[in-house]
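According to the UniProt record's numbering, the sequence shown is numbered sequentially starting from 1.
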Amino acid sequence: MSQRQTSPSEDDIDSPPAGPRTVPFPHVTPSEPQAPSHGHASPKTPRLTLASSGENPSQVPSILLSIEQQIKAEKIIPYPRYNDLPHNNDVMLIKLKKPAILNKYVKPIPLTKSCSSEGMNCLVSGWGRTGAGPASTLQCLDLPVLSMKQCMNAYRSVITKNMFCAGFMKGGKDSCQGDSGGPVVCNGKLQGVVSFGQGCAQPGYPGVYVELCRYNSWINHTIATN
C-alpha cells in the first residue's frame, strides 16, 4: 500500500491533460526542499490551503498556484490525530506567507457540508505520475464515488469513516504518486483530497480519499484562529 507521493507501480494514472488553466484551484508541486512541494493544496481562503498530512512538512516550502503564483508556506498545520498507518485523518492546512491573488486562473472553491455518496461523479486533478514520470501538464480525471462496502472489501480494516473510495474496480484510471493532497471536486465543491492506494490503477484497488465533511469544524476553527 502506498501514499500517493511514494514510489509508484507500473500501472499509473490514465487521464487527459487539463490544459494549463482549466482547473483554477491551487496545486502544490514534492521534490527538493528548495523546490515547490508535491501534493496538491486545495484552497479555502486566500492564505490557507488544504493538503494531506502525509506530506513531509520539510518538503512544503512553497505553494504553486496554477502556473500564475508561487507563494512560500508560513505554517504547516496537520490534523492533530493524524495516523500514518492506516493514513487516518490524512489532512492538513498550509498557511501562506502572503494572500493568494485571486483571478480567473486562481480561485477558491467552497468546502462541502455533506459527505460523499455512492455514484457521485468527481473531478480529481494533479501533476502525479502518468506512466513515464510526473506529468508535465495538469491532468484531470472524472471518477465515480464507490460504495463503502466496495471500499472496505478492497482495503479491509484500513478503511475508516474518514475516507471514501473513488475510481473503477476494473482499474485503468486512478490518481497516482505525486497527486497526494490534490483536490477532489464533486458537484462544484471540495469533497476530499487524494490520500493513498494500492499502487495506481490496479484492478480491485480504487483510490482512497479523505472525507472532508468529517473535518469541517476543525477546518473552520483553524482558519478562525490562524
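C-beta: ideal position from N, C-alpha, C; glycine also.
Supposed close pair residue i, residue j - CB separation, criterion 8 angstroms
i	j	result
Val-194	Ser-175	5 angstroms
Gly-182	Val-106	Not confirmed; about 16 angstroms, so no contact.
Leu-146	Cys-165	4 angstroms
Pro-144	Gly-119	6 angstroms
Residue i, buried or exposed, once every other Cβ within 10 Å from all chains shown has been counted against 16
i	result
Asp-142	exposed
Leu-85	exposed
His-221	exposed
Thr-112	buried
Asn-88	buried
Pro-206	buried
Thr-137	exposed
Glu-74	exposed
Ser-37	Confidence at Ser-37 is low in this model, with a pLDDT of 41, below 50, so the placement of that residue should be treated as unreliable; the coordinate-derived value is given next. With 16 or more Cβ atoms within 10 Å of its Cβ, Ser-37 is classed as buried.
Gly-192	buried
Ser-157	exposed
Ser-114	exposed
Ala-224	exposed
Gly-126	buried
Arg-129	buried
Ala-41	Low local confidence applies: a pLDDT of 48 at Ala-41 is under 50, so the model's placement there is unreliable, with the coordinate-based value given in what follows. Buried is the call here.
Ser-117	exposed
Gly-197	buried
Met-169	exposed
Pro-30	Residue confidence is low: Pro-30 scores 28 on pLDDT, short of 50, so the model does not pin down where it sits. No coordinate-derived value is stated.
Cβ-Cβ distance between residue i and residue j below 8 angstroms
i	j	result
Val-91	Val-208	no
Ile-71	Leu-48	no
Gly-178	Pro-203	no
Ile-101	Gln-69	yes
Gly-167	Lys-161	no
Cys-186	Cys-122	yes
residue 229	Ile-94	This structure cannot speak to residue 229, because the chain is shown only from 1 to 226.
Tyr-82	Tyr-215	no
Element boundaries [beta strand (DSSP E), containing residue i]
i	result
Thr-49	48-51
Ile-94	92-96
Glu-158	The identity of residue 158 in the sequence shown is Val, whereas the question assumes Glu. Taken as a continuous stretch (DSSP letters only), Val-158 belongs to no beta strand (DSSP E), as it is neither H nor E.
Beta-bridge pairing of residue i - partner residues as DSSP gives them
i	result
Ala-166	Val-145 and Gly-207
Arg-129	Pro-134
Pro-78	Met-92
Pro-183	Val-193
Leu-111	Leu-190
Asn-83	Asn-88
Cys-140	Ser-125
Residue span of the alpha helix (DSSP H) that contains residue i, given as start and end
i	result
Ser-195	Per DSSP, Ser-195 belongs to no alpha helix (DSSP H); it is in the beta strand (DSSP E), 189-197.
Asn-216	216-225
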